[in-house]
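One structure is given below, encoded as C-alpha cells.
Chains as they are written, first to last, in my numbering: chain A, 10 to 579; chain B, 10 to 579.
Spelled out as C-alpha cells, the structure:
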C-alpha cells in the first residue's frame, strides 16, 4: 500500500557512529573534497529522490511490467521520465572517476544510494545496476577510441549497458559459451549467437544501449580461457542500428519491470575489449563491486519488507496479547504478540548487521584502491575477497526468507497483492541466483579463497575482526567462536582435505555451512560494533541486538555441528 | 514444463511396509470391505485420474486464473469439465459415510488422494478441499431437514461448499466477527455482513454452492462464544437465488485458479446449524482433519517441486563435478554436484518423513472414531491432537522453503515461468497462513495442549514413539533426544511458566521452537520406521535417510538451545 520511505539517518548512524566512514575516507588522497557534511547532504538528497520519484513506481511497475512487441520493449509508465531525471540529476555518476566525468565520491555513497533504490523499486534499479561495472570494465580494458566514445556517456548514465554472458546451455558454466566472433577486414569482428537472461537488453529508457558480450574467436581453445570480450552498441555513432535484436522477454516470478531479454546477434559488428582470451578477467575485475551491490539489494528489500510489516503490526488488532489487560471482545495490536516481535526483531538484526558489513566492504573497496600504504591495501583486498561472497549469499537468502516472514505478519492480507509485501518476496528471490548463485558464492569462499592459502587470509581476517570487538560478554563469546572457527579451518578441515585419498568432493559438501558460519561471526562482530558506538539508542537497535543473540546466532553451532559430521563421514 | 506424475507406489510402500495400514484398518468393524488389494486399486486409479485429468490444467490454471465479472466467476478452461468428471467418478465420496451415500473407505485413502491432487494442481484442489469438512459439519450439527437436503450432494461432491469465517477486521481472531443474523418469522434468519478470503465463494464448477457462515445473533455476547453457525445456499431448493453475492476476487501471489472471494450477505435467508453460540465448536470439530489436509498440501507441493528439480538435475550439464573425469570444456550433469545432491536429499527427507507422519495421522483419525477399545481411541485422539499442528506448520513451512531450494536447482531457469517451479513456490506460500497460521499452530501445541495437563499427553506420545524405534544407533540417539525433550517440558518449562511472577508471555516466546523440535523428533521416528521396514531399498530412500541425519536433524539442538536461552532470559 504505502511505498517505501528511505531513512538516510539510520544509514548515516551506521556510517559515521559505527564505522567512522567519513573520517577514514577523508584521509585518502583520492577524496580531497569529501567530508561528513557532504556525505549527509548527498544521502538526504538521495533519500528524497528515491522516495519521491522511484518508490511510487514500484507497484505499477510490477503490474504493468515491461512489454515486448516486435523486438521493441516498452517500459512501464513513468520509467523513462524518472530514469531521465535520475541521470540528469547526476545520480549514476556519484562514484565515477572525475577524469571520466564522474563526481569522484567514495564507493560507499553509491552503495547506500543503491540500497535505497533497490528497497524502493527493485525492477527499476536493475537498469542502472550494471552501469558502474560496465563503465569500470571499459575504463580498464577498452581502447582509447572506445573509451572516448562510450565512457563519458556510461559514467553519466545517459546510455545504459548490459552484460551479455549467459547462453541457454551456459549459465553458471560460462566456459560453455558458443557465441562466435569472426575477424573483419577493418579490425572489428562479426559476432553471432544467442544470449539469454540479459537484463535491460532492450528498453526505451535511454537513446542507446552498450552491450558487453562474451564470445569465442575462431582459433580459441574450449573452456573459459577461450573467451574474449566484445562491445556492441545498439546504435553506431553514425546512427546505424547494429545487428542485435531482442527476440523476446521472459515471464518471471518477479522484477516484472525489468525486461529479461533473449538477445540474438546476427553478424553484429563488434569491437574487442581487452586482450583475446581474457574476456572473463575483464569482467571479473568488477566482481566484488557487483556482488556487493547484490548484497545491498538483499538488505534494501528486507528493509522495505520490514517497514511494511512493522507499520501493519502497529495498526492491526487481533486477539489479546498474553498478559494483556484488554477486555474480552477487544484485541491488541499484533505488535504486542511475541511471535510478531520475534519476526520483526530478527529481520532488523539482519538488516542492520548487513548494513555494517556492506558499508564496511564499500569502504574497504576504496581503501584497496586508494590507500597510500600497501599493507593496508592488502588488508582491504583480503576483506573484500572473503566478506563479499558471504554478504551476497547470506543477505540475499535472508531477503527472501525474511520478506516471507514479514509477509506472515499480514496473515492472509500478505498473500494478496494489496499490501505489496508479496511483490517483495517475488522480487527478492532472483538475487539468490544472479551474479553467481549462492551455492557458487560458498564454493568461491571455501574452495577458491580459504583453502588454497591454508586458511592464512581467513585467520588474519578473524584476527582483524577480533581486535575490534571490545570487552562485553558477547564480545568474549564471539572471540571464542572465532578461535573455534579458525582452528576448525586450519586444523581439521585442511587436514581432512589434504589427507591421502581424501575425496575431492569434501570441501564442496561443507561450503554452504562454512559460509553461513562465517556470516554469523560477521554479524556478531557487526552487532558488537553497533553496541559500542556512541549515540546508539532506542528499542529498534536494542531489540534487534537482543534478537540477534537469541534467534540468529544459534545457527553458528548448528553449522559447526553439520561440518563436524561431514568431516567424520568423509 | 512436464506436469507432475503421481507415484502411488511410493505412497503404498509407506502405507503398507512402514505403517501396516490395511492390516490395522481391516481390523476395524467400520471397514468390513477394505483390504490391501482395494487400497492398491484405489491408489492406482486415483494416480491415473490425477495425472491425466488434473495435473495438465495446473499451468493454464495459474496463467488464466479465475475471472470475475459482474458477480460471476468463470473458472479457467477445463476446470468445470474436470471437476464434473471428478465427482461423477466418485472421488469426493471415498471416505464419506455409507449412510450418506459415501463409499465408507478409511480417511487415509482420501489423504493420499488429496496429497496427489495438491501436488498436481493446488488451485484446482482448493475447490473440493473443504468438501469433506463441510459435510461432516452438517452431518454432526444440522437438522434432519438440512441434512436431507444438502448432505448427499455434498458427500457426492455434486455441490461444493464454503466456510465463511474471516471478515476484514477478523482474521486469526474470529471473536471479532460482526456479521449479524436476525430471526425471521419462519424460524430462519436474515444474515447480513461481509466475509473475505472465501475460497470458492463463487464459481461455475457446480450448479449450487453451500455456504457455512459464522454470524452473531442479536442477543449474543461479544467474543467467540457469541458466534453461531448458519447455512446459506446459493440457490434455494425452489431455485430462488439467495441474497449472497461475490463482490470481487483477490489478486494473489499464487493459487490463481482458486477464486478468493469477498462475499456480501444482504439479509440472506439462513438456517441455523447446531445450537446458538456454538458456531465455533461446530466448525472446530473438523479441525484436525482439515489441518491434516493442509499438511498434505505441503507434502504434495514439495514432492511436485522435487520431481521437477530431480528431472532437471539429471539432464542439465554445467561444470565438472569435483573429482570428475570429464575433460576441459565438457560438463557433468548437475545431479553430480554436492550442492544439488544436498538440496534433493534434504527435500526427499522431508517429503517421505512427512508422508509417514501424515498417513499415520489419517489412520489415527479413524482409530479415534472406530476402534472398539476406548483406551486405543484415547491414544489415537492424543496423537491427532499433538501431531496435527506440527504437521500443518512444519510441512507447510518446508513446502515453501523447500520448493524455493528446488527452484535454485534450476538457476536462472527456475525464476522464469517456463519450468513451472516458481508457480509451486508462489502457490505453496498460502498454506503457511490459512487453516490457522503456523504461529497459531505452535501456540495451539504448546499453550493449549502440552502445558495445561503438565506435559502428560506429550510425554505419553513420546513414550509411544520411543517403543517403535527399534535398535539402531540412530534409534538410540532419537530415544535420548526424546527423553531430553520430555524432561525439558515437564521439569524446566513447566516450572518456569508456573513460577511465582512468571510472565504470561513466556510460553509464547518458545512456542515456535517447541513445535520445530517436536517436528525433528517425529521425523527421526519416521525415518527409523522407514529404515526398519521390509523392502525399503534404493538410493532414493537411503540418501534421504542419510540426508535427514546430516542436514535436517541438527535443528533439534538449535531449537533446544534457543529455548534454553529464552528460559534463562525469563
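The C-beta atom is built at its ideal place from N, Cα and C for all residues, glycine as well.
Check	Outcome
What number of angstroms, rounded off, separates the C-alpha of residue 377 of chain A from the C-alpha of residue 466 of chain A?	15 Å
Using only alpha-carbon positions, find the residue among B/221, B/172, B/193, B/289 that is nearest to residue 208 of chain B.	B/172
Over the uninterrupted alpha helix (DSSP H) stretch that includes residue 33 of chain A, give me the two end residues.	30–35
Measure the beta-carbon distance from residue 516 of chain B to residue 450 of chain B and round it to whole angstroms, keeping in mind my assumption that it falls under 8 Å.	No, residue 516 of chain B and residue 450 of chain B are not in contact; Cβ-Cβ is about 14 Å, not under 8 Å.
Taking the continuous alpha helix (DSSP H) assigned at residue 156 of chain A, which residues delimit it?	153–164
Would you say residue 346 of chain B reaches chain A, if we count a Cβ-Cβ gap shorter than 9 Å as a contact?	yes
From what residue to what residue does the alpha helix (DSSP H) around residue 309 of chain B run?	296–324
Assuming contact is defined by CB atoms lying nearer than 9 Å, are residue 306 of chain B and residue 124 of chain B in contact in what I supplied?	yes
Run through DSSP, which three-state label would residue 186 of chain A get?	coil
My assumption, with CB atoms under 8 Å, is that residue 18 of chain A sits in contact with residue 425 of chain B. Please give the rounded CB distance.	Going by Cβ atoms, the distance from residue 18 of chain A to residue 425 of chain B rounds to 39 Å, so no, they are not a contact pair.
So, is the C-beta of residue 443 of chain B closer than 9 Å to a C-beta in chain A?	yes
Would you please verify whether the beta carbon of residue 575 of chain A is less than 9 Å from any beta carbon of chain B?	yes
Along the chain, where does the alpha helix (DSSP H) containing residue 583 of chain A start, and where does it finish?	In the structure as shown, chain A starts at 10 and stops at 579, and residue 583 of chain A therefore has no counterpart that could be examined.
If we ignore side chains and look at the alpha-carbon of each, how far apart do residue 531 of chain A and residue 570 of chain A end up?	19 Å
Between residue 42 of chain A and the rest of its own chain, which residues show a CB-CB distance below 8 Å, the 5 nearest in sequence each way excluded?	113
Output yes or no for whether 9 Å exceeds the beta carbon distance between residue 344 of chain B and residue 350 of chain B.	yes
So with Cβ pairs under 9 Å, would you call residue 332 of chain B a contact of chain E?	The chain inventory of the structure shown lacks chain E, comprising the protein chains A and B.
Given a threshold of 16 other Cβ atoms within 10 Å of its Cβ, counted over all protein chains shown, does residue 80 of chain B qualify as buried or as exposed?	exposed
Could you tell me whether the stretch 188–196 of chain A touches the stretch 213–227 of chain A, where touching means 3 or more Cβ pairs closer than 8 Å?	yes
If contacts are defined as beta-carbon pairs under 8 Å, then residue 558 of chain A and residue 485 of chain A qualify, I think. What distance do you get, rounded to the angstrom?	With 8 Å as the limit, residue 558 of chain A and residue 485 of chain A do not qualify as a contact, their Cβ atoms being about 13 Å apart.
List, from N- to C-terminal side, the alpha helix (DSSP H) runs of 4 residues or more that fit wholly inside the stretch 177–261 of chain B.	none
Is any beta-carbon of chain A found at less than 9 Å from that of residue 388 of chain B?	no
Distance, Cα to Cα, residue 575 of chain A vs residue 266 of chain B?	44 Å
Give me the chain A residues within the contact set of residue 566 of chain B, using Cβ-Cβ distance strictly less than 9 Å, ordered along the chain.	563, 566, 567, 570
Tell me whether the beta-carbon of residue 318 of chain A lies closer than 9 Å to the beta-carbon of residue 356 of chain A.	yes
Spell out a yes or no on whether the stretch 58–75 of chain B and the stretch 125–139 of chain B are touching, meaning 3 or more CB-CB pairs, one atom from each, closer than 8 Å.	yes
By how many angstroms is the C-alpha of residue 458 of chain B removed from the C-alpha of residue 473 of chain B?	17 Å
Quick one: any contact between the stretch 275–284 of chain A and the stretch 85–95 of chain A, if contact means 3 or more CB pairs under 8 Å?	no
I'd like the list of long-range same chain contacts for residue 572 of chain A, defined as Cβ closer than 8 Å, with 5 residues on each side in sequence excluded.	497, 502, 519, 522, 523, 526
State yes or no: is the beta carbon of residue 529 of chain A nearer than 9 Å to at least one beta carbon in chain B?	no
Whose CA, out of B/67, B/68, B/25, lies closest to the CA of residue 47 of chain B?	B/25
Just to confirm my understanding: we take residue 235 of chain B, look at its own chain, exclude 5 residues before and 5 after, and list those with CB closer than 7 Å. What are they?	225, 229, 286
Which class does residue 167 of chain A belong to by DSSP, given the choice of helix, strand or coil?	coil
Report the residue from A/27, A/140, A/309 whose alpha carbon sits nearest the alpha carbon of residue 96 of chain A.	A/140
Would you check whether the ligand PLP has a heavy atom nearer than 8 Å to the C-beta of residue 408 of chain A?	Among the components of this structure there are no ligands whatsoever, and the ligand PLP is therefore not found.
If you compare alpha carbons, which of B/164, B/239, B/542, B/400 is closest to residue 138 of chain B?	B/164
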